[in-house]
Every structure is written in structure tokens, then in C-alpha cells.
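So the sequences go chain by chain: A and B. Just so you know, we're using my numbering here: the first sequence kicks off at 1 and counts up by one. Just so you know, we're using my numbering here: the second sequence kicks off at 1001 and counts up by one.
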Amino acid sequence: MALGSLSLALRQLQLSSRSFCPRASLVYRSHAELIRRYATESANLDLAVDSASGIAVLQLKRKPVNGLNLEFLTELNLTLEKLEKDRQVKGLIFTSAQPKIFSAGLDISEMYNPKPERMREFWRALQNFWMRLYISPLVTAAAINGHSPAGGCLIALSCDYRVMASGSYAIGLNETLLGIVAPFWFMDTIRNVVGQRESEKALQLGRLYSAEEALKVGLIDELVPEKSVLDHAKQELLKWTQVPSHARQLTKLALRKPTVDKLLAKQQEDTEFFAEFIVKDSIQKGLGKYLEALKQKK
Amino acid sequence: MATLRLWRSFARLKAIQPYTYRTSFGCCRSMSDVTAADFDLSTDEDSGIAILRMQKKPVNSLSLKTITAMNISLEKLEQDDRINGLIITSVIPKIFSGGLELTELYQPQKETLRELWRVFHEFWLKLYSSRLVTVAAINGHAIAGGCVIALCCDYRIMASSPYKIGLNETQVGLQAPVCILDSMVNVVGHKTGERALKLGELFLPAEALKIGLVDEVVADDAVLESARREVKKWLQVPGHARQLTKEALRKPTIDRMIARTDESIDLMYNMLSDDVTQKVLGNYLASLKKKEK
């Protein structure tokens, strides 16, 4: 394949990735404000780039459980975009600075008694983050050093590779246990990793796998002692970055774009579906109960 | 979801209801003892679990009448709010189900052949898309159509005795309908599914477990109890969330099947009208008779 057409393909990739950014509108103005406010603060994450290897390590550190709210997702989106534009950066590892938690997933306070406009912004930010991460030209890995339910599991599943700490941490898409249904693109993501059969069991039962079980079904790729998780992720990424980038990126895109296109084609519809679904009495009740139970635990 | 609702009302319009029969729902006149004896359906409102016990001698074969009756039962269960789980099993020793009634496929009545495939597709759809938690308690050989019943369920538990399970249609000179090919691939994956289907492989319990065709292998006398335990476990999950999740996960396969039902029925009809297929079927039936002797 001529270099010219490779570059063209990559340029098209970059152009299409820009469409993930928020559209100019009232919404965009508030996003611009958010960008200015959070770009430099980094209260929620630490980013370290090793220029020798070209591998970036993104440590999630939003207290208490790396919950994904609108601000955090926006910041993650921007960070990802920045890293993709940086020619020095070839790979990205997600890990956590919170003890025992990789990420607890979507911040429930965004879904309990939500405000209509913010709720939609939140969902769009989540969609955009997943779409960008899933077909990122960077090699991505999850160094799972804590519990990883729901949205946390989604981040891990969206990466190219998953290393998890041995021990008592659990990982899985447990939405049904909270009485909610994972969006179809969550299902597509897990299906692409563990297959249809395992996904049916995993999703319907809202199963949280132990690290051993997760390895057995292929939900994660490697199981190592906690202190080695980050190193193993780095070792693996070094292998992946040896492969000629153009070829690897186009291959990843070809394999993953159909899944992303499915959401792109009905992004608005999916947002409205979420908005309608989440405000249902039965759902709100379930979420309320869950929040109560969390408070009781403390 | 809308597609499924539409299909259900369409199916209700089109469903044949030539026979009414006695069941624990307390139904009407019994017009055919043959159908009434094919299976027993018991429901337990406390647990919300129904058990369908196939009891049609000698091999729980799926004839036009049997499948039609099963379709009616499945529809009734679907509408019954008190029931949320279904276990399918057999009371005939060593047999779960031997699949479609071969005498209806060999030198078939042309008029009923198409009808047979229509109700079979309907059966697959009803069982595969059921809102109920479905568990197959496989306490005997589950061949072809018998394996299909198991594949449509959410979970499969098999007895450890050397029973066989698989889709051996190619061995009998047939291609299984596309929806069944999909079911197999959905359960065991593409690579294994392709091989199993092309070769018409039948698996012993240990092998079936290894490839994921069944989820558990237990002692023969523990199959039903294990099935009950599993259904109860699944019923712990909030019902609406589980049902919507199942629907979403199975939607691509279901949509593909609905879009091609007529095509699929035509395919099966044409295949069975073919001389070569009939010859292979005839030889297979003859060899079965020889085995009996």
C-alpha cells in the first residue's frame, strides 16, 4: 500500500476523530468554560509521559472511587485528544491512584435525580470518551489495580490489553444488579472480548468476576501480583509499539470502527433512550436504594 | 424491541390452534390424546418456575403436532406474569430429544412440510427470545432438534452418563436452518461451531462441557435439582433489567432470522424435496431400523 494512501487514511482518521468534539452551540460555550477550568487543574488525574518509550501513564485519582462524572469524562476526552496529537506518545496505560479501586464506573449522582440538560451532556461525554478510546491510534492498556465494576470495566474492555492484579478485586458489567441495562455499545464491547456466550451470562447475571475467573474467560489478558501490574502493562505496550504504527493503527481501525459506527449512527437516539430510561420511577427507586445502601456501609 | 412486539402480535394472528388440551392452566376440551401426552407442563407459582417434561415415546421426536402444542404452551407461559423461569427436561429414560420426527421429513406430505418448518421456526423464535429464564436439564441424548431446544435456552446442564449432544444434520443429509447455525455459533464460538456443524458432530458430556456447548455436567439424578438451583439464581437479578439485557443481546440473531424466515422455510422445503436428500434420509432411517434389530 503506497505511503500516500496510508497518510490519507490516517488524515481521514484524524478528521473523523474531530467530529467527536462537542458541537458549537450553547452546550459548546459551557464546554469551553469547562476546558479552561480543568485543563490545568488535574485534580482528577495524573499524567506522566516517558519520552524514551513514548508511553503515557494516566493515573485516575478522583476521590473516592474514580467515579466518572461529566467533568471527569470531559477531562479524559481532552487528555486523550492531547495525547493523540502528541507525536512522541505511542501508548497509553490507564491505572488508578486510589487504593483498591480501578474505577467504580459512572458517577451515580449524575443519574439519580438528574437535571435534563446536564444528564444529556454527561451521556454524550461518556459516548464520546468510549468512541475515542475504542479506536484510539494509541496502543492502550488497562493496568487494573483495583475493583472495576460497570464503567470501570468498560474502560478496561475498550483498551487493547488488560493486566489485572491478583487478589480479591472483581471486574465486570454489573448493571443489571442495580436494575439498569447496559447500553448496547457496552454489550458490543464485552462481546468483542469474551464472545456471545460468555457475554449473555456476564450481562444478564450482572456478573462480577474474580481476577482468576476473568483470566479464565478472557476478560483480562494477564494476572500478576499488584506491584507488577504497571510494569507488565508497560512491557506489553513496548511489544505493541514495535509494530509499524501506520499498519497497526489502520488494522485496529478496520477491526473496531464498525462497532463505533453502530453508536455514531444513532448517537442522538441513544442519548434520548438513556434520558427516558433513567428517569423512570422504578429505575430511580433502584438507584436511590443503592445510594442508601452505600451510605449505610459508611 | 418494537420488532419483537410486532412479531408477537403477528404470530398470535397466524398461530394454528387446532387442538386444545388439558394442562395445569385448566384448559378446555381435549381433542387429541396424542398431543396431550407429548409433554407435561407444570407450574409452581411460589417459585415462578415452570417445568416442561417431554414424554413422547420413544424419543421425544418433534412432529408438527408436538411443536405446535409446544408453541402454544410457550406463548401461554410468556403471557403468565406469575411465571419467570422455565426448565425443559425429559421423562423418557436416556433421551432428552431425538429431534424432528424423521417420518415427517422422509417422503413427506408436501402440504404439511412447509407448515412443519414454519412452526419449527416459530418454536425457535419463541424459545430463543423468551423473557423467561430458560434452562435445559439434559438428562439424555439431545440430537439435532433436541440440541436446538438446549441451545435456545439461557443455560444447559447435562447428565454425566455417556449421552450425546449435537447438531448432526449434515450426517443425515440436511443443512440446519440458518437460525440454528447462528445459535450454535453464538454458544460455542465461530471456529468450533463451524467444525461441529460441517461435520455434524455429536459430543459426549465432557467434550460438550469443554467446548462450552453445555455449561455444567452433573450426576444423572442431580440434573433437575441443579436446573432449579440455576433458575433461582438467575431470578435473583432484577427481572426487567435481565429481560431487556437478554433482548438486546439476542436481537441481532433474532432480527436476522425474522428477515429470512420465508427464505429459510423455502430452503428447507426445497432441500427435502430433493431426490438426493430423500435417498440419504431413507438410508439413514433404514440403518436406524437395522440398529433396532
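Beta carbons are placed, not taken as given, at the ideal position from N, Cα and C, and that holds for glycine.
Looking from the CA of leucine 60 of chain A, the closest CA among A:Leu238, A:Leu45, A:Leu73 belongs to A:Leu45. No Cβ-Cβ contact shorter than 8 angstroms links glycine 1085 of chain B with serine 1061 of chain B. When secondary structure is reduced to three states using DSSP, methionine 111 of chain A falls in the coil class, being assigned neither helix nor strand.
In its chain, beyond the 5 residues on either side, no residue has a beta carbon closer than 6 angstroms to the beta carbon of alanine 1206 of chain B. Contact with chain A is absent for proline 1205 of chain B, since none of that chain's Cβ atoms lies less than 8 angstroms from the residue's Cβ. Alanine 247 of chain A counts as exposed, since fewer than 16 other beta carbons sit within 10 angstroms of its beta carbon. 8 angstroms or more divides the Cβ of leucine 1064 of chain B from the Cβ of leucine 1052 of chain B. Residue pairing for glutamate 1216 of chain B: DSSP places it in a beta bridge opposite B:Ile1157. Inter-segment contact for the segment 163 to 183 of chain A and the segment 137 to 147 of chain A is present: three or more beta-carbon pairs are separated by less than 8 angstroms. Per the coordinates, the alpha-carbon of tyrosine 209 of chain A lies some 27 angstroms from the alpha-carbon of isoleucine 1049 of chain B. Of all residues in the segment 259 to 278 of chain A, none places a beta-carbon less than 8 angstroms from a beta-carbon of chain B. Cβ proximity to chain B below 9 angstroms picks out nothing from the segment 71 to 86 of chain A.
At a cut-off of 8 angstroms between beta carbons, glutamate 200 of chain A contacts chain B. Taking CB atoms only, asparagine 1283 of chain B has no neighbour in chain A less than 8 angstroms away. Note that the C-beta distance between cysteine 153 of chain A and leucine 173 of chain A is below 8 angstroms. For valine 1237 of chain B, no beta strand (DSSP E) run applies, since DSSP gives it neither H nor E. Against chain B, a Cβ distance below 7 angstroms from glycine 218 of chain A picks out nothing, because the smallest value is about 11 angstroms. Here the alpha carbon of alanine 150 of chain A sits roughly 38 angstroms from the alpha carbon of aspartate 1220 of chain B. Listed along chain B, the residues sitting closer than 7 angstroms to leucine 203 of chain A by beta-carbon distance are Thr1245, Leu1249. Inter-residue distance for valine 65 of chain A and phenylalanine 129 of chain A is about 19 angstroms (C-alpha atoms, whole angstroms). Counting along the chain, the unbroken beta strand (DSSP E) around leucine 45 of chain A starts and ends at 45 to 50. Residues Thr1253 of the same chain have their beta carbon placed closer than 7 angstroms to that of asparagine 1186 of chain B, with the five preceding and five following residues left out of the count. Using beta-carbon distances, arginine 1256 of chain B does not count as an interface residue toward chain A, since no partner is under 8 angstroms.
At a C-beta separation below 7 angstroms, glycine 195 of chain A has these neighbours in chain B: Gly1189. According to the DSSP assignment, aspartate 1044 of chain B belongs to the beta strand (DSSP E) that extends over 1039 to 1044. Among the residues facing chain B, phenylalanine 184 of chain A is included, as its CB has a counterpart in that chain under 8 angstroms away. In the DSSP assignment, glutamate 1263 of chain B falls within the unbroken alpha helix (DSSP H) covering 1261 to 1273. Between lysine 1057 of chain B and isoleucine 1092 of chain B, the C-beta gap is smaller than 8 angstroms, which places the two residues in contact.
Taking CB atoms only, glutamate 175 of chain A has a neighbour in chain B less than 8 angstroms away. In the same chain as isoleucine 1265 of chain B, and ignoring 5 residues on each side of it, the C-beta atoms closer than 8 angstroms to its own belong to Arg1114, Trp1117, Arg1118, His1121, in chain order.
Residue contact check for glycine 1212 of chain B against chain A: a CB pair falls below 8 angstroms.
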